[in-house]
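**Q** The letter at position 1 of the sequence shown is residue 0 when you use numbering that gives the first Met the number 0, and the numbering goes up by one with no holes.
Quick one: the structure is below, and I'll ask about it shortly.
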Amino acid sequence: MPLKNDKPFPKRPRLKHFEYAGYYAYFITILTKERNLYLKKSDVVEPIIAIMKDTAEKERVSVDAFCFMPDHVHLLLRGSDEDADVKKFMKLFKQKSGYWFKQRFQKNLWHLSYYDHVLRKDEDIRETAMYVLNNPVRKGIVSDYKEYSFNGSFTFDITCL
């Protein structure tokens, strides 16, 4: 789903009557505040990846794929057990990484909301992971997703996908 530069995601509630808990898989997109190009240097992205990894481990969320583009992030997440809470993970990840960024750069990192899509049973995890990883290829930044510095997985060997 292409992002429109002039219209960030509105603040919207998550799906009604859905707990965002358990073994479900999610495709998430988070925009930077006002689509600023904050996520293009390793001294910014690498600490945020570390925060994401730590938060995912604590909240029992698997990060099957991630891709940090200059003004947004794509994530493929899965609950690792029945108590995994993706809404809580997202809140803590955005809060912790936003706090780190604010302390370092005196600016807000994230747009208020984020886009989420709960994968249906017939949607393939590996196919969605490839969609996430290939974002810089579709944008013409690299010719192979393996050449991009700011994508990866905490669960898959992405060189074998």
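Glycine residues also receive a C-beta, built at the ideal position from the N, C-alpha and C atoms.
(1) Would you call the CB atoms of residue 38 and residue 67 closer than 8 Å?
(2) Along the beta strand (DSSP E) that carries residue 127, what are the first and last residues, could you check?
(3) Just how far apart, CA to CA, sit residue 149 and residue 26?
(4) Exposed or buried, residue 93, counting other C-beta atoms within 10 Å across all chains shown (16 or more means buried)?
(5) Please state whether the Cβ-Cβ distance between residue 36 and residue 60 is less than 8 Å.
(6) I think residue 88 touches residue 58, with their Cβ atoms under 8 Å apart; what is that distance to the nearest whole Å?
(7) In terms of residues, what are the limits of the alpha helix (DSSP H) holding residue 147?
(8) Assuming residue 30 contacts residue 71 under a Cβ cut-off of 8 Å, what Cβ separation, rounded to an integer in Å, is found between them?
(9) Quick check: what's the CA-CA separation for residue 159 versus residue 139?
(10) How would you write the range of the alpha helix (DSSP H) that residue 54 sits in, first residue to last?
(11) Following the continuous alpha helix (DSSP H) through residue 98, name the residue where it begins and the one where it ends.
(12) Give the secondary structure of residue 158 by DSSP, where H, G and I count as helix, E and B as strand, and everything else as coil.
**A** Here's the rundown:
(1) For this step, residue 38 is matched to residue 39 along the sequence shown. For this step, residue 67 is matched to residue 68 along the sequence shown. Cβ distance < 8 Å, so residue 38 and residue 67 count as in contact.
(2) Position 128 of the sequence shown, counted from the first residue, corresponds to residue 127. Where residue 127 is concerned, there is no enclosing beta strand (DSSP E), although the alpha helix (DSSP H) it sits in stretches over 124 to 132.
(3) Here residue 149 refers to the residue found at position 150 when the sequence shown is read from its first residue. Here residue 26 refers to the residue found at position 27 when the sequence shown is read from its first residue. Distance between the alpha carbons of residue 149 and residue 26: 17 Å.
(4) If you number the sequence shown from 1, residue 93 lands on position 94. Buried, since its Cβ has 16 or more Cβ neighbours within 10 Å.
(5) As a first step, residue 36 is located in the sequence shown; it is residue number 37 there, counting from the start. As a first step, residue 60 is located in the sequence shown; it is residue number 61 there, counting from the start. Not closer than 8 Å, so no.
(6) The sequence position of residue 88 within the sequence shown is 89, counting from 1. The sequence position of residue 58 within the sequence shown is 59, counting from 1. Confirmed, about 4 Å.
(7) Counting from 1 along the sequence shown, the entry for residue 147 is found at position 148. Counting along the chain, residue 147 falls outside any alpha helix (DSSP H), and DSSP gives it neither H nor E.
(8) Walking along the sequence shown from the start, residue 30 turns up at place 31. Walking along the sequence shown from the start, residue 71 turns up at place 72. Yes, residue 30 and residue 71 are in contact; Cβ-Cβ is about 5 Å, under 8 Å.
(9) The residue labelled residue 159 in the question sits at position 160 within the sequence shown. The residue labelled residue 139 in the question sits at position 140 within the sequence shown. Those two C-alpha atoms are separated by around 22 Å.
(10) By one-based count along the sequence shown, residue 54 stands at place 55. Its alpha helix (DSSP H) spans residues 41 to 58.
(11) Stepping through the sequence shown from its first residue, residue 98 is reached at position 99. Element bounds for residue 98: 85 to 104.
(12) The count along the sequence shown starts at 1 and reaches residue 158 at position 159. Residue state, collapsed to three classes: helix.
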